[in-house]
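Quick notes on the structure that follows.
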Amino acid sequence: GIQVEQSPPDLILQEGANSTLRCNFSDSVNNLQWFHQNPWGQLINLFYIPSGTKQNGRLSATTVATERYSLLYISSSQTTDSGVYFCAVERNAGGTSYGKLTFGQGTILTVHP
Amino acid sequence: DGGITQSPKYLFRKEGQNVTLSCEQNLNHDAMYWYRQDPGQGLRLIYYSQIVNDFQKGDIAEGYSVSREKKESFPLTVTSAQKNPTAFYLCASSIGRRTQHFGDGTRLSIL
Numbered sequence: 317g318i319q320v321e322q323s324p325p326d327l328i329l330q331e332g333a334n335s336t337l338r339c340n341f342s343d344s345v346n347n348l349q350w351f352h353q354n355p356w357g358q359l360i361n362l363f364y365i366p367s368g369t370k371q372n373g374r375l376s377a378t379t380v381a382t383e384r385y386s387l388l389y390i391s392s393s394q395t396t397d398s399g400v401y402f403c404a405v406e407r408n409a410g411g412t413s414y415g416k417l418t419f420g421q422g423t424i425l426t427v428h429p
Numbered sequence: 266d267g268g269i270t271q272s273p274k275y276l277f278r279k280e281g282q283n284v285t286l287s288c289e290q291n292l293n294h295d296a297m298y299w300y301r302q303d304p305g306q307g308l309r310l311i312y313y314s315q316i317v318n319d320f321q322k323g324d325i326a327e328g329y330s331v332s333r334e335k336k337e338s339f340p341l342t343v344t345s346a347q348k349n350p351t352a353f354y355l356c357a358s359s360i361g362r363r364t365q366h367f368g369d370g371t372r373l374s375i376l
């Protein structure tokens, strides 16, 4: 199956700092999503971004599908940004089946006041 | 408000017992999914369904069963054949392969 590697595994920041999270994947994909899991376990979708660049407030993401990686940028971090960030991808296998996401192990982000 | 409702939030299972986790959505999404998350790990796909009355196995389907009789409902049964069921179970839905939206999860433990 497809391999998804996220880095760094852990990241500790002071409030106001910027950060970049990386997701590498081992095969061609037609679906890539970034999620944030808060300390209570709730999973929130941040971006659906199989290619290109998107921005949403202090967060932005870029996927370079041809080079098999995606980056999540967090600017002016806040304590509420703490939690685990997951990248998930779906291998481009053709056909009509969809939605079979493979998740990375996540990046644990801690933002201190 | 539109969303995904999972129940119960906490569930305990005795040895040899089957238990069913509920997942209901009112987002009018065609596709629904079940994931398992173990401590400190990412999510792994158990089953997924693209339309009513059809579903496919994910990566870890052994010991689990599902049904999709209604568009808004996708219950997951953890059978006695699942030897290590203690985990956090998350249900999601989407329109096609686009953004997946998640419920708040069910934590299952063995008594």
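Residue numbers (this note's numbering), protein chains in the order written: chain A, 317 to 429; chain B, 266 to 376. Ideal Cβ placement from N, Cα and C applies to all residues, glycine included. Treat the numbers as computed from the prediction; the structure is a model and nothing was measured.
_In chain order, each beta strand (DSSP E) run of at least 3 residues that lies wholly inside the stretch 342 to 370 of chain A_ = Listed in chain order, they are 345 to 353, 359 to 364.
*What do you reckon, are the CB atoms on L417(A) and L337(A) nearer than 9 Å?*
Position 101 of the first sequence holds residue 417(A). Position 21 of the first sequence holds residue 337(A). No, these two residues do not count as a Cβ contact at 9 Å.
*Test item: CB-CB of Y389(A) and L425(A) under 9 Å*: Position 73 of the first sequence holds residue 389(A). Position 109 of the first sequence holds residue 425(A). Not a contact, by the Cβ cut-off of 9 Å.
*With burial defined as no fewer than 16 other Cβ atoms inside 10 Å of the residue's Cβ, what is the status of G323(B): buried or exposed?*
Working through the second sequence from its first residue, we reach residue 323(B) at position 58. G323(B) comes out buried.
*What do you get for G420(A), buried or exposed, if any count of 16 or more other CB atoms within 10 angstroms of its CB means buried?*
Here the question's residue 420(A) lines up with position 104 in the first sequence. Label assigned to G420(A): buried.
_Candidates Q290(B), N318(B), P304(B), I375(B), of which the one nearest E337(B) by Cα_ = Position 72 of the second sequence, counted from the start, is the residue given in the question as residue 337(B). The residue among Q290(B), N318(B), P304(B), I375(B) with its C-alpha nearest the C-alpha of E337(B) is Q290(B).
*Taking 9 Å as the cut-off, decide whether the C-beta atoms of L310(B) and Y300(B) are in contact.*
Counting from one through the second sequence, the residue named residue 310(B) turns up at place 45. Counting from one through the second sequence, the residue named residue 300(B) turns up at place 35. Yes, Cβ-Cβ distance for L310(B) and Y300(B) is below 9 Å.
*With 16 other CB atoms within 10 Å as the buried threshold, where does P350(B) fall?*
Counted from its first residue, the second sequence places residue 350(B) at position 85. It is buried - the Cβ of P350(B) has at least 16 other Cβ atoms within 10 Å.
_Let's see if you can read the secondary structure: which residues bound the beta strand (DSSP E) around E289(B)?_
What you label residue 289(B) is simply residue 24 of the second sequence in a count that begins at 1. Where E289(B) is concerned, the enclosing beta strand (DSSP E) stretches over 284 to 290.
*In angstroms with no decimal places, state the Cα-to-Cα distance between T344(B) and S391(A).*
The residue you call residue 344(B) lines up with position 79 of the second sequence. The residue you call residue 391(A) lines up with position 75 of the first sequence. Near 45 Å, if we compare the C-alpha coordinates of S391(A) and T344(B).
*Taking all protein chains shown into account, decide if P352(A) is buried (16 or more other Cβ within 10 angstroms of its Cβ) or exposed.*
Walking along the first sequence from the start, residue 352(A) turns up at place 36. Residue identity check: residue 352(A) is His in the sequence provided, not Pro. Around the beta-carbon of H352(A), 16 or more other beta-carbon atoms lie within 10 Å, marking it buried.
*What's the C-alpha gap between S376(A) and F363(A)?*
Reading the first sequence from its first residue, position 60 is the one you call residue 376(A). Reading the first sequence from its first residue, position 47 is the one you call residue 363(A). Approximately 8 Å, taken between the alpha carbons.
*asked:* So for A326(B), helix, strand or coil by DSSP?
replied: Locating residue 326(B) in the second sequence gives position 61, counting from the first residue. A326(B) falls in the coil class under three-state DSSP.
*Starting from Q330(A), follow the beta strand (DSSP E) in both directions and report where the run begins and ends.*
Along the first sequence, read from residue 1 onward, the residue named residue 330(A) stands at position 14. In this chain, the beta strand (DSSP E) harbouring Q330(A) covers 326 to 330.
*Comparing the C-beta of D324(B) with each C-beta of chain A, is any distance below 9 Å?*
Here residue 324(B) corresponds to residue number 59 of the second sequence, with the count starting at 1. Judged by the 9 Å Cβ criterion, D324(B) is in contact with chain A.
*How big is the Cα-Cα spacing for K348(B) and Y329(B)?*
Residue 348(B) sits at position 83 when you count from the first residue of the second sequence. Residue 329(B) sits at position 64 when you count from the first residue of the second sequence. When rounded, the distance between both Cα atoms is 11 Å.
*Comparing alpha-carbon positions, which option in G332(A), A404(A), K370(A), Q349(A) lies nearest Q306(B)?*
For the purposes of this step, residue 306(B) is taken as the residue at position 41 of the second sequence. Closest option to Q306(B), Cα to Cα, is A404(A).
*Please say whether L329(A) and E406(A) have beta carbons closer to each other than 9 Å?*
Against the first sequence, residue 406(A) aligns to sequence position 90. Against the first sequence, residue 329(A) aligns to sequence position 13. E406(A) is not a Cβ neighbour of L329(A), given a cutoff of 9 Å.
*For E337(B), name the three-state secondary structure that DSSP assigns.*
Within the second sequence, the letter at position 72 stands for residue 337(B). Reduced to three states, the DSSP call for E337(B) is coil.
*asked:* Less than 9 Å between the C-beta atoms of N372(A) and R362(B), yes or no?
replied: Sequence index remark: in the first sequence, residue 372(A) carries index 56 (1-based). Sequence index remark: in the second sequence, residue 362(B) carries index 97 (1-based). Not a contact, by the Cβ cut-off of 9 Å.
_Looking at the secondary structure, which residues open and close the beta strand (DSSP E) in which A381(A) lies?_
As a first step, residue 381(A) must be located in the first sequence, where it is residue number 65. Unbroken run through A381(A): none, as it is neither H nor E.
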